[in-house]
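First up is the structure itself, then whatever we jot down about it.
Residue numbers (our numbering): 3 to 248.
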């Protein structure tokens, strides 16, 4: 009985401290959980997922087909056309942070036989394709006696053809996926297969070039700049490596 009284007094003192301390972290947390300025406030996991999806794909509306199960890291959703897809890879689901991955874009790409198309294009330019459930990439080597200008031209044309080989919805990519700061709200969903990673091997080093679907209207000149910068950085790395060996 005495212990219960002590516990009651402790809880009362704790509540008084919270109510009197405007700077209390706990008080701020409670306030932020119910704040109208916090877009995550008052939403369950499914509602947060739909909010992220509709921000990522602003041309579409989504509904829950199978409620997200945190234990299995799996939920099923569909767009207004009845196209079903899964959501998984839940990162955070708290007052300030929410992150997950979705297969919506991947399903749309698969419906257009994307893997077959990218294999055909990549082979034409001397590259091979490697992919998983979440990522997709291509890899190739510098051709013998190939100049940097020729390499930039070859890779740029290949990437533009790949990006334009299928139709994709408008995609708004998160600015800071995976980046979380306490007290700052950050929420997003990342599309599987949304980013194409191109690896170009030169003298034991690799130039890493990344482009994303939803940006297929980029001109070949724009892509060429990205490719040139990656190759120039790799050439600098090779020079530094040679200096360190000497």
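Positions of the beta carbon are idealized from the N, C-alpha and C atoms, including for glycine.
Report task. Could you round the C-beta distance between residue 58 and residue 173 to whole angstroms and report it? I think they count as a contact, below 8 Å. Result -> 6 Å
Query - Contact set for residue 214: own chain, Cβ-Cβ below 8 Å, skip 5 residues either direction - result: 173, 175, 196, 197, 198
Query - Cβ shell of residue 47 (< 6 Å), same chain only, five flanking positions each side left out - result: 70, 95
Query raised in the report: Since residue 77 sits in a beta bridge, which residues does DSSP pair it with?
Result: 89
Query raised in the report: Under a three-way DSSP split, which group does residue 191 fall into?
Result: strand
**Report entry** residue 248 burial status per 10 Å Cβ neighbour count (16 or more: buried)
**Finding:** exposed
Query - residue 212 burial status per 10 Å Cβ neighbour count (16 or more: buried) - result: exposed
Query raised in the report: residue 204 and residue 240 look like a contact to me (Cβ under 8 Å); what is the Cβ gap, rounded to whole Å?
Result: 7 Å
Requested in this report: Classify residue 43 as helix, strand or coil using the three-state DSSP reduction.
Outcome: coil
Requested in this report: Within its chain, find whatever has a CB closer than 8 Å to the CB of residue 186; leave out the 5 residues flanking it on each side and keep chain order.
Outcome: 98
**Report entry** Close Cβ partners of residue 78 (< 7 Å) along its chain, the five nearest in sequence each way excluded
**Finding:** 67, 68, 86, 88
Query - Assigned secondary structure, residue 243 (DSSP; H/G/I helix, E/B strand, else coil) - result: helix
Query - Beta-carbon proximity check, residue 160 vs residue 127, cutoff 7 Å - result: yes
Report task. Taking residue 92 and residue 105 to be in contact with their CB atoms under 8 Å, please state how far apart those CB atoms are, rounded to whole angstroms. Result -> Wrong, their Cβ atoms sit about 14 Å apart, outside the cutoff.
**Report entry** Of the listed residues 208, 53, 142, 101, nearest to residue 72 (C-alpha basis)
**Finding:** 101
Query raised in the report: Measuring CA to CA, which of 90, 118, 229, 51 is closest to residue 135?
Result: 90
**Report entry** Assigned secondary structure, residue 158 (DSSP; H/G/I helix, E/B strand, else coil)
**Finding:** helix
Query raised in the report: Among 124, 62, 221, which has the Cα closest to the Cα of residue 138?
Result: 124
Query raised in the report: Quick one: what's residue 131 bridged to in DSSP?
Result: 140
Query raised in the report: Going by other Cβ atoms of all chains shown within 10 Å of its Cβ, with 16 needed for buried, is residue 238 buried or exposed?
Result: exposed
Report task. Just mark residue 245 as buried or exposed, buried being the case when its beta carbon has 16 or more other beta carbons within 10 Å. Result -> exposed
Query raised in the report: Do residue 141 and residue 130 have their CB atoms nearer than 7 Å?
Result: yes
Requested in this report: Between the Cα of residue 155 and those of 84, 233, 103, spot the shortest distance and give me the residue it belongs to.
Outcome: 233
Report task. Go ahead and label residue 63 buried or exposed: buried means 16 or more other beta carbons lie within 10 angstroms of its beta carbon, across all protein chains shown. Result -> exposed
**Report entry** Member of 45, 40, 167, 52 whose CA lies at the smallest distance from the CA of residue 191
**Finding:** 52
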